[in-house]
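Going by the working numbering, the first residue of the sequence shown is number 157, and it counts up by one from there. Data block below; observations after.
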Amino acid sequence: MSHYNESEKILLLHQYVTSGLTLHEFSSRHGIPLSTFHRIYTEYGSPDVSSVAYLMKKKISPIHS
157 MSHYNESEKI
167 LLLHQYVTSG
177 LTLHEFSSRH
187 GIPLSTFHRI
197 YTEYGSPDVS
207 SVAYLMKKKI
217 SPIHS
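As structure tokens, then:
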């Protein structure tokens, strides 16, 4: 199982939210198991473009609900 650091997760989320692809399409094209990418996506509160941009700028901790 691959482990992604915070910077890698934020970069993947940025690529995803700007890609226009579904979670399944994105994870498949990047060779990431859907369950792994879904976990990353939900770990950061299902972010949109503006919140990912904020994360990239601030590199803050994941959002915990």
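All C-beta atoms in this analysis are idealised placements derived from N, C-alpha and C, irrespective of residue type, glycine included.
What do you get for residue i, buried or exposed, if any count of 16 or more other CB atoms within 10 angstroms of its CB means buried?
{"i": "Pro203", "result": "buried"}
{"i": "Ser206", "result": "exposed"}
{"i": "Ser175", "result": "exposed"}
{"i": "Lys213", "result": "exposed"}
Could you tell me the boundaries of the alpha helix (DSSP H) in which residue i lies?
{"i": "His159", "result": "It is not in any alpha helix (DSSP H) - His159 carries neither H nor E in the DSSP assignment."}
{"i": "Thr178", "result": "It is not in any alpha helix (DSSP H) - Thr178 carries neither H nor E in the DSSP assignment."}
{"i": "Tyr197", "result": "190–199"}
Quick one, which of the options has its alpha-carbon nearest residue i's?
{"i": "His180", "options": "Tyr172, Leu190, Thr174", "result": "Leu190"}
{"i": "Ala209", "options": "Leu169, Glu164, Tyr160, Glu162", "result": "Leu169"}
{"i": "His159", "options": "His186, Gly201, Thr192", "result": "Thr192"}
If residue i and residue j are in contact, beta carbons under 8 Å, what's the gap, nearest whole angstrom?
{"i": "Tyr200", "j": "Leu211", "result": "7 Å"}
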